[in-house]
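Participant: The working numbering numbers the first residue of the sequence shown as 6 and each following residue consecutively.
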Amino acid sequence: MTDDRRLDTLLEEFQGMCDVCLKCFYSAVDLHENHPEIRPLFDDAMRDMVVEQAFARVLNEWQNFLEQSFLLLMLGVPLRGGTPVKTYVSPLDIEHAQRLVRNTNPYPDWGDLDKVLTCAENFFESGGPFAVLKTMRSQLNAVKKVRNRVAHNSAKARKDFENLVRGVKPRQTFFEYYTVYLKDVAELLTGPPLHSDGGTP
Numbered sequence: 006m007t008d009d010r011r012l013d014t015l016l017e018e019f020q021g022m023c024d025v026c027l028k029c030f031y032s033a034v035d036l037h038e039n040h041p042e043i044r045p046l047f048d049d050a051m052r053d054m055v056v057e058q059a060f061a062r063v064l065n066e067w068q069n070f071l072e073q074s075f076l077l078l079m080l081g082v083p084l085r086g087g088t089p090v091k092t093y094v095s096p097l098d099i100e101h102a103q104r105l106v107r108n109t110n111p112y113p114d115w116g117d118l119d120k121v122l123t124c125a126e127n128f129f130e131s132g133g134p135f136a137v138l139k140t141m142r143s144q145l146n147a148v149k150k151v152r153n154r155v156a157h158n159s160a161k162a163r164k165d166f167e168n169l170v171r172g173v174k175p176r177q178t179f180f181e182y183y184t185v186y187l188k189d190v191a192e193l194l195t196g197p198p199l200h201s202d203g204g205t206p
């Protein structure tokens with residue numbers, strides 16, 4: 006039984022929220038760097054707080070996207086190009102699909118790549134589209150490490166967070182790089198879109 010929702014809608018919502026978070030990031034950095042008149046009010050701590058929350062929101066939305074796309078594929082919702090994914094189960098509805106996932110993993114953690122891959126192998130032939138995440142292990146683990154570090158109030162965490170704001174390579178920050186990266190991965194997971202002529206690229 007399929008769900009009324011579609012993967013293209015889910016993808017659009019996720020990418021849209023990423024864009025909102027990027028806008029918050031750019032605004033926070035611009036206010037801090039280019040408007041000295043408000044510096045006493047919008048200091049380093051305020052900037053860091055805004056950027057940290059924006060980055061945390063991106064990662065929360067990413068985990069929600071993984072879960073929701075996983076459940077929709079379990080229900081038989083096809084990829085964006087119309088290709089079905091072979092599953093080992095036939096849940097009645099999304100709540101039933103959630104229970105099936107919990108039966109194999111009582112505490113599913115969609116931020117844990119190994120758990121996501123194991124879960125995908127349990128429910129989809131060859132892991133379905135999620136198998137591609139194996140090739141992205143280093144990047145996805147880096148995202149999780151930064152999230153874990155900025156969540157702790159320590160000298161090392163603050164230094165790591167400064168790197169997040171300042172950037173890890175010229176003209177692009179860690180925040181920008183990984184937010185855009187997750188948008189691209191989400192697009193890859195949902196498959197190529199269906200073109201107006203009925204085919205895929």
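Ideal placement from N, C-alpha and C gives every residue a C-beta, glycine not left out.
#1: Any idea if Y183 is buried or exposed, counting beta-carbon neighbours within 10 angstroms, 16 or more meaning buried?
#2: Which residues share a DSSP beta bridge with F129?
#3: Mark S74 as exposed unless 16 or more other C-beta atoms lie within 10 angstroms of its C-beta, in which case mark it buried.
#4: Considering only C-alpha positions, which residue in the set G116, E130, S143, L77 is nearest to L12?
#5: Return helix, strand or coil for F47, following the three-state DSSP convention.
#6: Kindly indicate which three-state DSSP category V25 falls into: helix, strand or coil?
#7: Under 6 Å Cβ to Cβ from P198, same chain only, skipping five residues before and after it: list those, please.
#8: Assuming contact is defined by CB atoms lying nearer than 7 Å, are Q138 and A102 in contact in what I supplied?
#9: Take R152 and list the residues in its own chain whose beta-carbon comes closer than 8 Å to its own, dropping the five residues that flank it on each side.
#10: Can you name the start and end residues of the alpha helix (DSSP H) that Y112 belongs to?
#11: Hey, V106 and P96: beta-carbon distance below 7 Å or not?
#12: Which first and last residues belong to the alpha helix (DSSP H) in which V179 is found?
Facilitator: The answer reads as follows:
#1: The count along the sequence shown starts at 1 and reaches residue 183 at position 178. Classification for Y183: buried.
#2: Reading the sequence shown from its first residue, position 124 is the one you call residue 129. Answer is T92, bridged to F129.
#3: On the sequence shown, position 69 is the one that residue 74 refers to. Buried.
#4: Locating residue 12 in the sequence shown gives position 7, where the first residue counts as 1. If we check each option's Cα against that of L12, L77 comes out closest.
#5: As a working note, residue 47 is residue 42 in the sequence shown. Coil at F47, not helix or strand.
#6: Indexing the sequence shown from 1 puts residue 25 at position 20. Reduced to three states, the DSSP call for V25 is helix.
#7: To locate residue 198, count along the sequence shown from 1; it is residue 193. So the list reads R85, once near-sequence residues are dropped.
#8: As a first step, residue 138 is located in the sequence shown; it is residue number 133 there, counting from the start. As a first step, residue 102 is located in the sequence shown; it is residue number 97 there, counting from the start. The identity of residue 138 in the sequence shown is Leu, whereas the question assumes Gln. No, Cβ-Cβ distance for L138 and A102 is not below 7 Å.
#9: What you label residue 152 is simply residue 147 of the sequence shown in a count that begins at 1. Around R152: F60, A61, L64, G116.
#10: Along the sequence shown, read from residue 1 onward, the residue named residue 112 stands at position 107. No alpha helix (DSSP H) contains Y112, which DSSP labels as neither H nor E.
#11: Translated into the one-based positions of the sequence shown, residue 106 becomes position 101. Translated into the one-based positions of the sequence shown, residue 96 becomes position 91. Result no, Cβ atoms of V106 and P96 do not sit closer than 7 Å.
#12: Taking the sequence shown and counting its residues from 1, one reaches residue 179 at position 174. Reading off the sequence shown, one finds Phe at residue 179, where the question assumed Val. Run containing F179: 179 to 194, per the alpha helix (DSSP H) assignment.
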